[in-house]
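If you read the sequences in order, they're chains C and X.
At position 74 of the first sequence (counting the first as 1) the number is 74 in this note's numbering, and the numbers step up by one without a gap.
At position 54 of the second sequence (counting the first as 1) the number is 165 in this note's numbering, and the numbers step up by one without a gap.
Where a beta carbon is used, it is the ideal one built from N, C-alpha and C, also for glycine.
Below: one structure, written as structure tokens.
Protein chains: 2
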Amino acid sequence: MAIHKKEAFSKKEQDLAEFAKALAHPARIAILKVLAQHNECICGEIVDLLPLAQSTVSQHLKELKSAGLINGVVDGPRSCYCINWKAFEKFNAEFSFLFNHLKLTKMQSCC
Amino acid sequence: MAIHKKEAFSKKEQDLAEFAKALAHPARIAILKVLAQHNECICGEIVDLLPLAQSTVSQHLKELKSAGLINGVVDGPRSCYCINWKAFEKFNAEFSFLFNHLKLTKMQSCC
DNA sequence: TATATTAATCGTATATTTGCGATATAAAAT
DNA sequence: ATTTTATATCGCAAATATACGATTAATATA
Numbered sequence: 001m002a003i004h005k006k007e008a009f010s011k012k013e014q015d016l017a018e019f020a021k022a023l024a025h026p027a028r029i030a031i032l033k034v035l036a037q038h039n040e041c042i043c044g045e046i047v048d049l050l051p052l053a054q055s056t057v058s059q060h061l062k063e064l065k066s067a068g069l070i071n072g073v074v075d076g077p078r079s080c081y082c083i084n085w086k087a088f089e090k091f092n093a094e095f096s097f098l099f100n101h102l103k104l105t106k107m108q109s110c111c
Numbered sequence: 112m113a114i115h116k117k118e119a120f121s122k123k124e125q126d127l128a129e130f131a132k133a134l135a136h137p138a139r140i141a142i143l144k145v146l147a148q149h150n151e152c153i154c155g156e157i158v159d160l161l162p163l164a165q166s167t168v169s170q171h172l173k174e175l176k177s178a179g180l181i182n183g184v185v186d187g188p189r190s191c192y193c194i195n196w197k198a199f200e201k202f203n204a205e206f207s208f209l210f211n212h213l214k215l216t217k218m219q220s221c222c
């Protein structure tokens with residue numbers, strides 16, 4: 001019954017959905033903003049800026065990382081994160097492509 | 112304990128996350144594709160094109176609609192759906208804005 | 001009016017996500 | 001060597017999401 005059927009869709013659809021899922025939480029959007037503003041890589045500073053516990057932030061960072069949107073390197077006793085621009089750009093392009101593809105088909109809508 | 116803290120973030124962050132969440136499933140990406148290809152509005156035709164039960168598709172349509180990405184009107188005994196281009200465009204712009212805002216801050220990354 | 005047809009909703013089972021405290025790990029400082 | 005500092009991971013509780021069959025609702029059509 002409740003088997004998830006993601007495998008039944010195309011790779012592109014799955015990839016796009018996974019990318020969207022990584023962005024599908026305000027905390028993760030906020031983390032990306034922080035990483036961009038402080039253009040040097042940031043670690044637990046994020047914890048101070050977000051209204052979440054350290055373990056929760058760490059978990060969100062892990063999700064962003066496993067989705068490929070950020071990179072993280074160990075820097076002594078701390079971890080340094082930054083945005084993976086290439087992946088971000090790639091997904092942005094893919095998203096724009098989908099959007100434009102849809103858009104060019106027809107602007108007319110019946111409802 | 113497990114109270115979701117979405118309210119603790121800004122409206123823009125919440126809106127973007129909600130938009131992303133609507134796209135965060137391959138079935139919903141696929142539905143948008145179908146709605147774009149058949150530029151006339153489509154109802155249960157989607158069910159025939161997706162590997163999902165009618166009730167499941169209906170649920171995904173409801174989510175896309177409540178996120179504002181599609182419109183739906185009752186047309187006799189059937190429902191006609193189409194993409195809400197305005198909302199889509201607005202979210203695309205907001206997403207691009209975030210992306211560009213981030214991008215312009217600095218291309219350099221330390222990791 | 002009875003009966004298809006179409007789609008939404010309900011109920012339910014299961015899976016996943018979110019969040020936090022507690023604990024573990026690992027490097028730096030004392 | 002011990003302690004501090006910074007971060008990841010574990011374990012758990014609660015909330016959400018996913019999926020489907022069954023039912024309901026609403027409109028056509030016979």
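Give the DSSP bridge partners of residue i, in chain order.
i, result
"aspartate 75 of chain C", "C:Arg78"
"glutamate 29 of chain C", "In the sequence on display, residue 29 of chain C carries isoleucine and not glutamate. Per DSSP, none; premise fails for isoleucine 29 of chain C."
"isoleucine 157 of chain X", "DSSP, once it has assigned bridges, lists no residue as partnering isoleucine 157 of chain X."
Using the beta-carbon of each residue, which ones in chain C are nearer than 7 angstroms to residue i?
i, result
"phenylalanine 120 of chain X", "Pro26, Ala27, Ala30"
"alanine 131 of chain X", "Ala20, Leu23, Ala24"
Report the neighbours of residue i on chain C: residues whose CB is nearer than 8 angstroms to its CB, in chain order.
i, result
"glutamine 125 of chain X", "Pro26"
Is residue i helix, strand or coil when you go by DSSP?
i, result
"isoleucine 70 of chain C", "strand"
"isoleucine 3 of chain C", "coil"
"valine 168 of chain X", "helix"
"leucine 209 of chain X", "helix"
Anything in chain X within Cβ reach of residue i, meaning under 7 angstroms, just list it in chain order.
i, result
"proline 115 of chain C", "Outside the shown range of chain C, which is 1 to 111, sits residue 115 of chain C, and nothing can be said about it."
I want to verify the contact list: residues of chain X whose CB lies under 8 angstroms from the CB of residue i, in sequence order.
i, result
"alanine 17 of chain C", "Leu134, Ala135, His136, Pro137, Arg139, Ile140"
Residues of chain X with CB under 9 angstroms from residue i, in chain order?
i, result
"lysine 90 of chain C", "Correct list: empty, because the minimum Cβ distance to chain X is about 12 angstroms."
"leucine 52 of chain C", "Lys116, Ala119"
How many whole angstroms separate the CB atoms of residue i and residue j, which I take to be in contact at a CB cut-off of 8 angstroms?
i, j, result
"alanine 67 of chain C", "alanine 128 of chain X", "Actually they do not touch by this definition, with Cβ atoms about 14 angstroms apart."
"proline 137 of chain X", "glutamate 89 of chain C", "Rounded, the Cβ-Cβ distance is 22 angstroms, inconsistent with contact."
"phenylalanine 19 of chain C", "phenylalanine 91 of chain C", "5 angstroms"
"isoleucine 140 of chain X", "leucine 172 of chain X", "Not really, about 13 angstroms apart at Cβ, beyond 8 angstroms."
"leucine 35 of chain C", "isoleucine 42 of chain C", "6 angstroms"
"alanine 22 of chain C", "leucine 52 of chain C", "Rounded, the Cβ-Cβ distance is 17 angstroms, inconsistent with contact."
"valine 57 of chain C", "valine 73 of chain C", "Rounded, the Cβ-Cβ distance is 17 angstroms, inconsistent with contact."
"glycine 44 of chain C", "glutamine 54 of chain C", "7 angstroms"
Using a Cβ-based criterion (distance less than 8 angstroms to any ligand heavy atom), does residue i qualify as near the ligand MG?
i, result
"glycine 183 of chain X", "Summarising the ligand content, the structure contains no ligands, and the ligand MG is consequently not present."
Got a sec: which bits of the stretch 166 to 180 of chain X sit with their beta carbon under 9 angstroms from any beta carbon on chain C, in order along the chain? Thr167
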